Amino acid sequence: MLTLFQLQYCPALYINIENFPNLWQKTLQSLPHWRHSKNINKIIFKHYKLNNNIIKIDKSENIALFPEYEFNQILALLGIMLHIKSLSHCINSKQIGLIINEIGKEKYRFCLANANFIIGNWPEGWQQKLPLEMHINYFRQVGLNFWLETINPNNVDLIKRLKLRLPKKKIEKNITLSDKYKPVAEILCQKITKEVNLQCYHLLK
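Just so we're aligned: 94 in our numbering is position 85 of the sequence shown, and the numbers increase by one with no gaps anywhere.
Here is the structure:
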């Protein structure tokens with residue numbers, strides 16, 4: 010798990026390298042300890058206009074502290090669940106195979122088995138159509154965008170840092186949550202997290 014100090018002051022520990030300009034990526038790949046460099050942290054703060062305001066997080070915002078593997082798996086699973094109606098009718102076995110390779114057969118079966126039960130009836134607009142090209146980072150980005158809807162929009166410093174953890178990918182349509190459905194969205198996020206890691210799940214409670 011990341012600490013609050015690391016979340017706030019050490020973005021090099023968790024930033025996805027694909028967010029850097031190409032030239033920077035090549036340079037960083039030749040520096041084995043760049044994630045622990047004070048100078049790299051300073052560069053990230055300046056380039057992405059981060060500030061030192063004290064970040065306070067609670068409940069669903071604790072996803073910001075999750076380790077990289079769990080963070081990626083949870084968001085991928087959430088994104089997949091938000092397409093599960095379409096995926097259950099998908100006949101492209103190659104693309105389904107790519108998804109299963111990333112999250113595993115058990116997790117994919119979990120999504121299929123719980124499609125109609127995880128939160129009851131799906132609110133209108135939550136279930137998405139599949140993109141022309143399915144890629145695991147697409148599902149992660151959909152998952153993150155959905156999760157961000159449960160977070161206080163005034164917590165700008167936290168939101169900026171969360172976005173740095175995934176490679177930037179444009180999504181044609183984001184799901185917008187009304188206040189009425191935010192508690193339901195939080196329950197969905199919790200149930201997905203519980204399926205991946207119990208320790209992470211307890212942080213959300």
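Just so it is clear, CB atoms sit at the ideal spot from N, CA and C, and this is done for glycine as well. On a predicted model such as this, the values are computed, not experimentally measured, just so you know.
Contact between L91 and Q38 is absent: CB atoms are separated by about 33 Å, not below the 8 Å threshold. Three or more Cβ pairs drawn from the stretch 70-87 and the stretch 111-118 lie within less than 8 Å of each other, which places the two stretches in contact. Counting only residues of its own chain and dropping the five nearest sequence neighbours on each side, K177 has a CB closer than 7 Å to the CB of N28.
In the pairwise beta carbon analysis, the stretch 150-162 is classified as touching the stretch 194-204: at least three pairs are separated by under 8 Å. Close CB contacts of G134 within its chain, under the 7 Å cut and outside five residues either way in sequence, are with I184 (chain order).
In the structure shown, C198 falls within a helical segment according to DSSP collapsed to helix, strand and coil. In the DSSP assignment, L213 falls within the alpha helix (DSSP H) that extends over L207 to L213. Sixteen is the threshold: when 16 or more other Cβ atoms of the shown chains lie within 10 Å of the Cβ of E204, as they do, the residue is buried. Inclusion of Y210 and T202 in the CB contact set at 8 Å is warranted, their separation being smaller than that value. Nearest to R44 by C-alpha distance, out of N61, N62, I24 and N164, is I24. By the CB criterion at 8 Å, I93 and L121 fall inside the cutoff. Note that the C-beta distance between G106 and R149 is not below 8 Å. Relative to the Cα of K58, the nearest Cα in the group K172, S187, K200 and C99 belongs to K172. Pairing L167 with A73 gives a Cβ-Cβ distance under 8 Å. The continuous alpha helix (DSSP H) containing L167 extends over residues V165 to K172. The three-state reading of DSSP puts W135 in coil, since its state is none of H, G, I, E or B.
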